[in-house]
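Trainee: Just dropping this structure here.
As structure tokens, this is what we get:
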């Protein structure tokens, strides 16, 4: 029995639970005597691709580097797929799932053959459904921060900024820049125009604009 099958065997009955990496390794060691160092939960996640690993076995949703939600095989997952290049400390979005079917973006190398679950390469941009999903999730968090935990909108600038970028992408039928806030623009609309987005909770005052990167955007949107 390979490690994937061992994980499925010990995790059955734990559907919907968040398990730590140590818990998973301990369960395999206790039942099968499997070397803990050989158990790598990230290799079996819907929302992560690791270089050199066949992207065809999915049973976890990675919550963070130490926690994994067990959902089992053939889960109708919708969400983004992340990957981290060797030698870097940041993840990049390389694809997405929609109701149990995945697609990888053109910028990401093929990691597995075409299957009935997904097409390795179909697009180079985040789909509208994912942008809408992110917008709703960020808005829910903002509502909690402002109306439940009592933070002022001006104290949630990062959330508001990201909401503005997502809203702009939805309005213009566009997508987010691969590196927002750094190249002088945040969104690329459906006609390939580059848009710099400024989102504010201010009722008065000024919006600061970086003069050194302003010429890199075609349009400026203030929300």
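Numbering (my numbering), first residue to last: 81 to 303. Each residue gets a CB set at the ideal place from its N, CA and C atoms; glycine is no exception. On a predicted model such as this, the values are computed, not experimentally measured, just so you know.
Could you name the residues that DSSP lists as bridge partners for residue 144?
Mentor: 147
Trainee: For residue 281, is the classification buried or exposed, using 16 other Cβ atoms within 10 angstroms of its Cβ as the cut-off for buried?
Mentor: exposed
Trainee: Are the region 163-175 and the region 102-118 in contact at 8 Å, needing three or more beta carbon pairs?
Mentor: With the cut-off at 8 Å, the region 163-175 and the region 102-118 do not touch.
Trainee: Tell me whether the region 263-282 and the region 213-222 touch, counting them as touching only if at least three CB pairs, one residue from each stretch, are closer than 8 Å.
Mentor: The count of Cβ pairs closer than 8 Å, one atom from the region 263-282 and one from the region 213-222, stays below three, leaving the stretches out of contact.
Trainee: Whole angstroms is fine: what's the gap from residue 142's alpha carbon to residue 205's?
Mentor: Put simply, the backbone Cα of residue 142 is about 22 Å away from that of residue 205.
Trainee: In terms of residue numbering, what span does the beta strand (DSSP E) encompassing residue 104 cover?
Mentor: Membership of residue 104 in any beta strand (DSSP E) is not indicated; the residue belongs instead to the alpha helix (DSSP H) covering 101-112.
Trainee: For residue 85, which three-state DSSP category applies?
Mentor: Three-state DSSP puts residue 85 in a helix.
Trainee: One question on the structure: do residue 159 and residue 179 come within less than 7 Å of each other, judged by their Cβ atoms?
Mentor: no
Trainee: What is the C-beta distance between residue 276 and residue 297, in whole angstroms, given that I count them as a contact (C-beta under 8 Å)?
Mentor: Rounded to the nearest angstrom, the Cβ distance from residue 276 to residue 297 is 4 Å, consistent with a contact under 8 Å.
Trainee: Figure out for me which residue from 238, 181 and 244 has the closest Cα to the Cα of residue 211.
Mentor: 244
Trainee: Mapping DSSP to helix, strand and coil, what is residue 195?
Mentor: In this predicted model, residue 195 has a pLDDT of only 44, less than 50, meaning its place in the structure is not dependable enough to derive any value.
Trainee: According to DSSP, is residue 241 part of a helix, a strand, or is it coil?
Mentor: helix
Trainee: Can you round the beta-carbon distance between residue 359 and residue 87 to whole angstroms, since I take them to be within the 8 Å contact cut?
Mentor: Beyond the ends of the chain as shown, which are 81 and 303, falls residue 359; an answer cannot be given.
Trainee: Let me know the secondary structure DSSP gives residue 209 once reduced to three states.
Mentor: Residue 209: helix per DSSP, three-state reduction.
Trainee: From which residue to which residue does the beta strand (DSSP E) around residue 172 run?
Mentor: 172-178
Trainee: Which stretch, first to last residue, makes up the beta strand (DSSP E) that contains residue 184?
Mentor: 181-185
Trainee: Using C-beta distances below 6 Å, list every residue in its chain close to residue 292, excluding the 5 sequence neighbours before and after it, in chain order.
Mentor: Closer than 6 Å at the Cβ level, and outside the excluded window around residue 292, lies no residue.
Trainee: Looking at the secondary structure, which residues open and close the beta strand (DSSP E) in which residue 162 lies?
Mentor: Segment 159-163, the beta strand (DSSP E) holding residue 162.
Trainee: By Cβ distance below 6 Å, which residues in the same chain neighbour residue 105 in space, the five residues on each side in sequence not counted?
Mentor: 116 and 119
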